[in-house]
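**Student:** Numbering (this note's numbering), first residue to last: 301 to 444.
Where a beta carbon is used, it is the ideal one built from N, C-alpha and C, also for glycine.
What you are looking at is a predicted structure, and each value in this text was computed from that prediction instead of being measured.
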Amino acid sequence: MYNTKNLSYICTMLECIEKIFIYSSNFDNVEDFIWANDQQNYNASWGLLLAIGEESKRLDIALKNEYPQIPWRNIAGMRNFLAHDYRGIDYDLVYEVINNNLPNLKEVLIEMVSKVDYDQSLLRDALDSPYYRHIQYLRNKLHD
Numbered sequence: 301m302y303n304t305k306n307l308s309y310i311c312t313m314l315e316c317i318e319k320i321f322i323y324s325s326n327f328d329n330v331e332d333f334i335w336a337n338d339q340q341n342y343n344a345s346w347g348l349l350l351a352i353g354e355e356s357k358r359l360d361i362a363l364k365n366e367y368p369q370i371p372w373r374n375i376a377g378m379r380n381f382l383a384h385d386y387r388g389i390d391y392d393l394v395y396e397v398i399n400n401n402l403p404n405l406k407e408v409l410i411e412m413v414s415k416v417d418y419d420q421s422l423l424r425d426a427l428d429s430p431y432y433r434h435i436q437y438l439r440n441k442l443h444d
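(1) When you compare the stretch 316-325 with the stretch 426-444, are there three or more beta-carbon pairs, one atom per stretch, that lie closer than 8 Å?
(2) Could you check which residue in Ser-429, Asn-306, Thr-312 and Tyr-302 has the C-alpha nearest to that of Gly-347?
(3) Excluding the five sequence neighbours on either side, which residues of its own chain have a C-beta within less than 7 Å of the C-beta of Gln-420, listed in chain order?
(4) Are Ile-334 and Ile-352 close, meaning C-beta to C-beta below 8 Å?
(5) Below 8 Å CB to CB, which residues in the same chain sit around Ala-336 once its five sequence neighbours on both sides are set aside?
(6) Ordered along the chain, which non-local residues of its own chain (more than five positions away) have a Cβ less than 8 Å from that of Asp-338?
(7) Under 7 Å: does the beta carbon of Asn-337 sit that close to some heavy atom of the ligand ATP?
(8) Using a 10 Å radius around the Cβ and a threshold of 16 neighbouring Cβ atoms, would you call Ile-361 buried or exposed?
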């Protein structure tokens, strides 16, 4: 079992993913997504991708190593690229990551929850918070 701190990182990453899915849904192509709502959907998703990259760096290395199918270094690298090279961002790549990579990452993160040692009340309290309102599916991890 892995340290409790990982639960917070996982929950934050999952919440970010769910919000990105909300902000990027209903777009048929990258151009529509990028320019919708004066770029609000894109900019919100961009910021959340930054947060995912940052949180991914905090996860225990041994826990990440159990999931070699996830390109952890690329996730952190994308965070660095987004943070430091805003004008050079490849919109197609961002759109591809959202549509093709985040669903797999979501599945792995949900699985990771069961490998973290945490008190049930910690997860319950997190899910009772409005911050984590998009990841209520984790309630099935609670054993009342």
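**Tutor:** Taking the coordinates as given:
(1) yes
(2) Thr-312
(3) Leu-442 and His-443
(4) The Cβ atoms of Ile-334 and Ile-352 do not sit closer than 8 Å to each other.
(5) Phe-327 and Tyr-342
(6) none
(7) As presented, the structure is devoid of all ligands, the ligand ATP included, so that no description of it is given.
(8) exposed
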